[in-house]
Amino acid sequence: MISMFMGEYHHSIDDKGRLIIPSKFREELGERFIITRGLDNCLFIYPMNEWNHIIERYKQLPNTKDARNFMRFFLSGATECEFDKQGRIKIPAPLITAAHLEKDCIIIGVSERLEVWSKKNWEEFIAANEDSLSDIADNLFANNLNI
Numbered sequence: 113m114i115s116m117f118m119g120e121y122h123h124s125i126d127d128k129g130r131l132i133i134p135s136k137f138r139e140e141l142g143e144r145f146i147i148t149r150g151l152d153n154c155l156f157i158y159p160m161n162e163w164n165h166i167i168e169r170y171k172q173l174p175n176t177k178d179a180r181n182f183m184r185f186f187l188s189g190a191t192e193c194e195f196d197k198q199g200r201i202k203i204p205a206p207l208i209t210a211a212h213l214e215k216d217c218i219i220i221g222v223s224e225r226l227e228v229w230s231k232k233n234w235e236e237f238i239a240a241n242e243d244s245l246s247d248i249a250d251n252l253f254a255n256n257l258n259i
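See the structure below:
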């Protein structure tokens, strides 16, 4: 099964670091999944099958300083997670700090992964990028995709 995550959901993280994942995403994530530091001050959540694909691609990278540094950043924060009975995940404190998560969080589906953002960082990201999205789409897709 190929996972396709999409949508934006607003949830709260509690003082114990627990966050409810929208029910529509839980089945696609499966019983066990990986949460890790993402880019742009958010967290990435991957189903195990997608995580395994990523690890296989990393194994093919050359042993360069950039590859080593990125793998250290990405893999050192990786944690295997599962849902509790209320559909929550427990986010480790270092990841909460890395993503600047406070009470209000935004969970977005981004194709093969979920991203968890602080409300503040998500709003800043949208404000900083919304005026240039048309140009970004033109540059990325150059007439190959009609949006």
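Just so we're aligned, residue 113 is where the sequence shown starts under the numbering used here, counting upward by one. Don't be surprised by glycine CBs; every beta carbon is placed ideally from N, CA and C. Nothing here was measured: the structure is a model prediction, and the numbers come from that model.
Inset, instruction - Kindly indicate which three-state DSSP category Ile-166 falls into: helix, strand or coil? - result: Three-state result, Ile-166: helix.
Inset, instruction - Classify Pro-260 as helix, strand or coil using the three-state DSSP reduction. - result: Not covered by the structure: residue 260. The range shown for the chain is 113 to 259.
Inset, instruction - For Arg-169, count neighbouring Cβ atoms within 10 angstroms of its own Cβ and tell me buried if that reaches 16, exposed if not. - result: With fewer than 16 other Cβ atoms from the protein chains shown falling within 10 Å of its own Cβ, Arg-169 counts as exposed.
Inset, instruction - Measure the CB-CB distance between Val-228 and Leu-131 and report whether it falls below 9 Å. - result: At a Cβ-Cβ threshold of 9 Å, Val-228 and Leu-131 count as neighbours.
Legend entry - 8 Å contact criterion, which Ser-124 and Asp-196 should meet: CB distance rounded: Cβ atoms of Ser-124 and Asp-196 stay farther apart than 8 Å, at about 15 Å.
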